[in-house]
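Okay, structure first, notes after.
Residue numbers (the numbering used here): 19 to 398.
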């Protein structure tokens with residue numbers, strides 16, 4: 019495993035460099051925008067412009083936390099944290115979400131105050147020009163940050179880029195309210211501020227939910243799961259790859275376990291060479307480190323076992339909650355059979371096993387039947 023970690027060291031360093039440099043650009047841009055908007059908002063007595071400045075400042079702070087989180091997450095594994103510190107990026111994202119929520123709630127309170135006690139804004143040509151320029155800068159910044167985030171698989175950068183694009187829309191709404199006031203004399207300042215606040219709060223809640231999902235653990239990416247299984251099934255000895263479980267310890271740090279269905283004629287030496295070979299291949303192609311590979315044996319020379327398997331699969335899969343049968347092995351002489359069943363979450367596994375045992379005992383009363391329930395963890 020140590021050699022595998024070394025192989026990816028340079029890639030991780032490059033990824034961290036891209037995240038830090040992109041975040042620094044975002045910080046500089048957002049701080050400048052915040053300063054300009056704050057000055058314009060205070061001079062023109064515009065709550066919407068001031069709140070837009072606060073939003074830019076929170077974006078800059080988010081980028082700072084992203085940098086800190088990236089640096090801490092890149093620490094080498096140690097005795098206390100043998101799987102590394104990658105999940106710190108998720109904790110830093112949670113802090114960012116809390117900051118965004120606070121900014122949104124504060125903005126909403128100030129906007130409501132302005133609705134209750136309105137103050138007339140005083141827009142100038144300079145104000146409009148600065149707002150228009152800020153919109154252009156946010157669009158360019160958003161596209162740049164999002165593209166860099168996708169390139170290095172950084173959810174934090176992708177989210178920042180999307181947020182910047184969204185900020186451009188909010189700034190456009192502020193500009194529109196200013197133009198409406200100048201043309202028609204109708205002040206929508208405070209109401210635009212409320213709308214901006216709602217969107218900021220919504221963004222913070224979504225970020226918080228996404229981060230909590232990452233920490234709790236979610237279903238593995240379907241495309242990644244299929245690719246890992248495809249690479250394993252390429253091996254001529256492998257009849258199927260099952261029970262794939264992927265554990266995430268930070269962006270691009272996935273550890274997994276899997277079961278391979280292999281012929282019952284293989285020796286332990288052959289299995290050992292095969293598992294070492296596929297571990298290396300899967301890691302090189304996907305970055306997933308397979309830390310555990312179990313095996314199922316399948317019958318290679320027993321026609322009766324093949325017939326039993328066909329009957330068992332047909333009986334089990336007649337239930338809509340039974341998604342897959344694998345790991346089947348029958349010993350007709352000993353009157354034994356064993357297999358696993360992947361079950362849908364809508365049924366209790368113990369109930370499912372009891373139903374299947376009752377049905378199969380009726381078909382094979384003199385057989386000892388062992389059924390292990392599996393949950394639908396990844397793509398089947």
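All C-beta atoms, glycine included, are put in the ideal place defined by N, C-alpha and C.
Between the C-alpha atoms of residue 133 and residue 124 there is a straight-line separation of about 15 Å. Contact annotation, residue 83 with residue 114: C-beta distance approximately 5 Å; criterion of less than 8 Å satisfied. It is roughly 11 Å from the alpha-carbon of residue 214 to the alpha-carbon of residue 68.
Of the other Cβ atoms in all chains shown, 16 or more fall within 10 Å of the Cβ of residue 277; this residue is therefore buried. In the structure shown, residue 122 adopts helical secondary structure according to DSSP, grouped into three states. Residue 234 and residue 254 have their C-alpha atoms roughly 37 Å apart. In the DSSP secondary-structure assignment, residue 392 is bridged to 360. Apart from sequence neighbours up to five positions away, the residues of its chain that approach residue 76 with a beta-carbon distance below 7 Å are 117, 118, 121, ordered along the chain. Secondary structure at residue 228: helix, using DSSP grouped into helix, strand and coil. Nearest to residue 319 by C-alpha distance, out of 292, 310, 294, 349, is 349. Only residues of its own chain outside the window of five on either side were considered, and among them 317, 348, 350 have a CB closer than 7 Å to the CB of residue 323, listed in chain order.
The three-state secondary structure of residue 281, taken from DSSP, is strand. The closest CA to that of residue 54, considering only 92, 44, 395, 70, is found on 70. Beta-bridge partners of residue 316 (DSSP): 281. In this structure, residue 160 lies near residue 182, with their beta-carbon atoms less than 8 Å apart. Rounded to the nearest whole angstrom, the CA to CA distance from residue 202 to residue 192 is 15 Å. Remark: C-beta atoms of residue 152 and residue 79 do not approach each other more closely than 8 Å. Bounds of any alpha helix (DSSP H) do not take in residue 265; it lies within the beta strand (DSSP E) bounded by 258-266. For residue 297, the enclosing alpha helix (DSSP H) covers residues 286-304.
One thing to note: residue 333 has its Cβ within 8 Å of the Cβ of residue 377. Rounded to whole angstroms, the gap between the alpha carbons of residue 357 and residue 392 is 10 Å. One thing to note: residue 95 has its Cβ no nearer than 8 Å to the Cβ of residue 208.
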